[in-house]
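2 protein chains.
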Amino acid sequence: MYLRAFSILKTENRDTISSSQLAERLHLNPPQIRKDLSYFGAFGTRGVGYPVASTAEQIRSILKLDTPQKAALVGAGRLGTAVAEYPGFKVFGIDIVAIFDNAADKIGTKIGTKIVEDVSRICTIKGAGIHLAILAVPADAAQSVVKQLADCNTIKGILNLSPCYLTVPKSIKVITIDLAMELGALPYYM
Amino acid sequence: MYLRAFSILKTENRDTISSSQLAERLHLNPPQIRKDLSYFGAFGTRGVGYPVASTAEQIRSILKLDTPQKAALVGAGRLGTAVAEYPGFKVFGIDIVAIFDNAADKIGTKIGTKIVEDVSRICTIKGAGIHLAILAVPADAAQSVVKQLADCNTIKGILNLSPCYLTVPKSIKVITIDLAMELGALPYYM
DNA sequence: CACTGTGAATTCCTTCACAGCG
DNA sequence: CGCTGTGAAGGAATTCACAGTG
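These protein sequence lines are chains F and W, in that order.
Per our numbering, residue 84 is the first one in the first sequence, and the count goes up by one each step.
Per our numbering, residue 84 is the first one in the second sequence, and the count goes up by one each step.
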């Protein structure tokens, strides 16, 4: 969240920002921001605030996003296609370099510049330096794809867009986003 | 999260589930589940567990999802289209009944059974009993769309899929999902 | 007997207040 | 003087342990 905020500030050519100014943007309070940033080190200048450019770079390096990360996308349905073409990953230095699907009519087609490959060829990511995967497959296929990804022994993080809980080896970190669930939470607040 | 879990259990024809069994599925621990559910009332039977069907219905009613909710989608790009056709909202009783965009080449086209309308006609949701909106527009357009939605005075919840912070009247609850940010968090854990 | 429901204990996170520094 | 960095205080969430019950 902070990396995105500081990246945006950079495009606005801001030199510095104080915790209270940043708090207003992020809808947080100033001490929270100072605490958070201080956990990772002392980035700010007293009396001035946080230097935008260097803080962005420091956070980027802490998050291991200073070297570009390659990701594999599994699932070339509507959601997968949207994700493949989504420009927002660039800010975080993440590149989707391979796309897999199991539907015969999708394999071989192009999404942007990438060709959709057969999901059975998933192990080809082994030598490609890909440690991230995005899952955009139906819920009932998710666990079996995870198994295949885990068997490659190179995937260390999975962004799961299916509404299901995955069982993975401890060496893999999973983040699940269930769009419907998030939307479903809203009526409670109304 | 619990509603989804109990809904799935229902499709599996399970009659009851204990907190420890549910904990295993959700990767939580049993006391957490009992605490959470007990905040909303006493659903379980001692010695047996939670009755799947009735607990599902109780949670559904607490979340205000027992009466079907209508939602408007703004943005008919790739992500918007994927969301419009996403079947997962059904479990939560949410229906996307209107789609808006500002691109002339999209207005009038059909996505599924719905016709994409001009975003300037957004106020037509007023009489339609729509209190939810999903934002799938570029970040730089998000705030102005929010303004239009707020001016309708009927929207009470927004699911924002753009990577930006929105300023809204206090009467509107916003949940923001930034796919890139979530993916960007993974390398830190690897 | 197995499992829920819940006060109490613990742990974690947030907020505060102010010392310290450019 | 203004704003960061941080120990201390306060508040919230999680975990524990066990009483209570079908």
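Just so you know, even glycine gets a beta-carbon here, dropped at the ideal spot from N, CA and C.
So if DSSP puts residue i in a beta bridge, which residue, or which two residues, is it bridged to?
| i | result |
| --- | --- |
| A155/F | A181/F, A216/F |
| Y133/W | I100/W |
| E200/W | F183/W |
| L242/F | I217/F, I258/F |
| K193/W | I198/W |
| T128/W | G132/W |
Residue i: buried (16+ other C-beta within 10 angstroms of its C-beta) or exposed?
| i | result |
| --- | --- |
| Q141/W | buried |
| Q152/F | buried |
| I198/W | exposed |
| R129/F | exposed |
| S144/W | exposed |
| G191/F | exposed |
| G267/F | buried |
| V174/F | buried |
| D261/F | buried |
| K193/W | exposed |
| R204/W | exposed |
| H110/W | exposed |
| A138/F | One detail in the question is off: residue 138/F reads as Thr in this sequence, not Ala. T138/F should be labelled buried. |
| S102/F | buried |
| K118/F | exposed |
| V131/W | exposed |
| T150/F | exposed |
| K189/F | buried |
| P170/F | exposed |
| A225/W | buried |
| Y271/W | exposed |
| P246/W | buried |
| E279/F | For residue 279/F there is no data in the structure shown, the boundaries of chain F being 84 and 273. |
On the three-state DSSP scale, how would you describe residue i?
| i | result |
| --- | --- |
| D188/W | coil |
| G160/W | coil |
| T150/F | coil |
| M84/W | coil |
| P252/W | coil |
| T138/F | helix |
| Y169/F | coil |
| M273/F | coil |
| C235/F | helix |
| F123/F | coil |
| G267/F | helix |
| G210/F | helix |
| L109/W | helix |
Taking C-beta pairs closer than 7 Å, name the residues in chain W that residue i reaches, listed in chain order.
| i | result |
| --- | --- |
| V220/F | Neighbours of V220/F on chain W: none; closest Cβ ~13 Å, over 7 Å. |
| E265/F | L242, I258, I260 |
Taking residue i as the query, report the chain F residues whose CB atoms sit under 8 Å from its CB, ordered along the chain.
| i | result |
| --- | --- |
| T164/W | R161, A165 |
| A154/W | L266 |
| R117/W | None at all; the shortest Cβ gap to chain F is about 19 Å. |
| I208/W | What I208/W touches in chain F: nothing, since even the nearest Cβ is about 15 Å away. |
Can you pull the chain W neighbours of residue i, defined as C-beta to C-beta under 8 Å?
| i | result |
| --- | --- |
| S168/F | The question names Ser, but residue 168/F is Glu in the sequence shown. In chain order: R161. |
| K147/F | P270, Y271, M273 |
| L109/F | Y248 |
Which residues in chain F sit within 9 Å of residue i, going by Cβ to Cβ distance?
| i | result |
| --- | --- |
| K239/W | L269, P270, Y272, M273 |
| V174/W | P246, A263, M264, G267 |
| R97/W | Those do not exist, as R97/W stays about 16 Å from chain F at its closest Cβ, beyond 9 Å. |
| L120/W | Residues of chain F passing the Cβ test: none, with the nearest at roughly 15 Å. |
| G195/W | Chain F residues near G195/W: none, gap ~11 Å exceeds 9 Å. |
| G158/W | The premise fails here: G158/W is roughly 11 Å from chain F at the closest Cβ pair, so nothing lies under 9 Å. |
Interface residues of chain W around residue i at Cβ under 9 Å?
| i | result |
| --- | --- |
| L215/F | L266, L269, P270, M273 |
| L86/F | M264, G267 |
Given that residue i touches chain F, what residues does it touch there, using C-beta distances under 7 Å?
| i | result |
| --- | --- |
| I182/W | Per Cβ cutoff of 7 Å: no residues; I182/W is ~14 Å from chain F at best. |
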